[in-house]
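Here the structure is laid out as structure tokens; the discussion comes afterwards.
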Amino acid sequence: MEQLLDSFGREHDYLRISVTDRCNLRCVYCMPAEGVVFQPHDEIMSYEEIAETVSALAPMGLRKLRITGGEPLVRKDLDKLIAMLSGIPGIEDIAMTTNGMFLAGKAAALKQAGLNRVNISLDSLRQDRFAMITRGGEVRRVLEGLQAAVEFGFDPIKLNVVLMKGVNDDEIRDFIALTLDKPLHVRFIEYMPIGSATDSWRSTYLPLSTVDEVCREAGWETEDVAGPRGNGPAESKRVVGAAGTFGLIHPVSEHFCDNCNRLRLTADGHIKACLYWSDELHVRPLAAAGDREGIRAMFLKALGGKPKNHEMALALEKKQQSHTPTVRRMSQIGG
Ligand code: SAM
Ligand code: SF4
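First residue of the sequence shown? That's 739 in my numbering, and the numbers climb one at a time after it.
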């Protein structure tokens, strides 16, 4: 069967599935203060439609899935979807990105259903700051979620930290210190201008070269390491002798598009071949009709139009870009 290749020969074996655009938090870099209008429930893909889409793509080389949102754990009975997806022949790895607030109570059922890995987003270890960034999050609950992820054997466990100048860059050292004696993988992520290339983004954006400077100042010798499983575009390092690693994801300053293997499915059933651009195709009606040939053809069409690069760096300098950036916010795409 035809494989998931784009016009630049990039193989796509990875689908990020947003299961909801809703969230219990309102992170400053992800949602505007006034919130976004959530999609009505009847416009959101059902679990059956998601499973139908994945079943259509598995014979084309799809191997890895990531469940995301919005906050995936606000969707009811997520373990049922995980069980449906993990039973599809060819699917080898299912991961989830979560803010961790509801993870402690759900980790056991998710693991049992076949979820392999979790990425937990945590941008500050200080409660007052975390509450400000997330507009209401509690560090304690995220750490309980992290603890449950360890207990139930998710492996590897990654912590996603979006770095923002003047907001949490003074905690880089504290986050790396977490990896010294725990087998955690901290991933520092550049702040991306998704749906919001504003001046406030430009002034808060921080290139990740800062992390190397912090290690030098702390007197930590670091070494490059092979990243943990599913590491995608992260550059991985370790403080010599540490139990865990840290990774740098530079989507803006050093775009990683050459090796992009990702496709995205939004909660309302649109295919996005590139995170950043506005181009989308609505696959949900085909999934609802069980039309697997139609689903495959639509994904190939989306891949045919996938651009070579995302060009986010041009937004920093307010330069002309070759396509139109999406107006969706990150919570509406899935990160
Ligand atoms: N709610 C879940 C969470 O926060 O982990 C999953 C969805 S969230 C959109 C997925 C990831 O995108 C999170 O790690 C979040 O920190 C990251 N993210 C959101 N907006 C971002 C932005 N503008 N730049 C970089 N990362 C962003
Ligand atoms: Fe919610 Fe995740 Fe966006 Fe924060 S980053 S508002 S937790 S979807």
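No residue lacks a Cβ here, since even glycine has one placed at the ideal position from N, Cα and C.
Distance between residue j and residue i (C-alpha atoms, nearest Å)
i: Met-798; j: Pro-921; result: 34 Å
i: Trp-1015; j: Arg-1066; result: 10 Å
i: Val-775; j: Leu-1003; result: 19 Å
i: Gln-777; j: Leu-916; result: 38 Å
i: Glu-830; j: Asp-815; result: 22 Å
i: Leu-803; j: Ile-895; result: 16 Å
i: Asn-857; j: Lys-818; result: 20 Å
Buried versus exposed, by CB contacts within 10 Å (16 or more), residue i
i: Glu-973; result: buried
i: Thr-806; result: buried
i: Asn-837; result: buried
i: Val-978; result: exposed
i: His-779; result: exposed
i: Gln-865; result: exposed
i: Met-739; result: exposed
i: Gly-904; result: exposed
i: Asn-997; result: exposed
Counterpart residues of residue i in DSSP-defined beta bridges
i: Val-856; result: Met-834 and Ile-895
i: Val-924; result: Leu-897 and Phe-984
i: Arg-713; result: Past the edges of the chain, shown from 739 to 1073, lies residue 713, and the structure says nothing about it.
i: Thr-960; result: Val-977
i: Ile-805; result: Ile-755 and Met-834
i: His-1020; result: His-1008
i: Trp-1015; result: Pro-1063
i: Leu-743; result: Glu-749
Simplified DSSP assignment, three categories, for residue i
i: Lys-975; result: strand
i: Lys-1044; result: coil
i: Glu-876; result: coil
i: Arg-760; result: coil
i: Phe-890; result: coil
i: Cys-953; result: helix
i: Lys-903; result: coil
i: Val-792; result: helix
i: Ile-910; result: helix
i: Arg-813; result: coil
i: Asp-919; result: helix
* To do: Mind the definition here: the stretch 987-996 touches the stretch 1028-1040 only if three or more C-beta pairs lie below 8 Å; say whether that holds.
  => no
* To do: Determine, using beta-carbon pairs with one atom in the stretch 888-896 and one in the stretch 831-848, whether at least three such pairs fall under 8 Å.
  => yes
* Asked: Are the stretch 868-884 and the stretch 821-835 in contact at 8 Å, needing three or more beta carbon pairs?
  -> no
* To do: Pair every Cβ in the stretch 996-1012 with every Cβ in the stretch 948-967, then say whether three or more of these pairs are closer than 8 Å.
  => no
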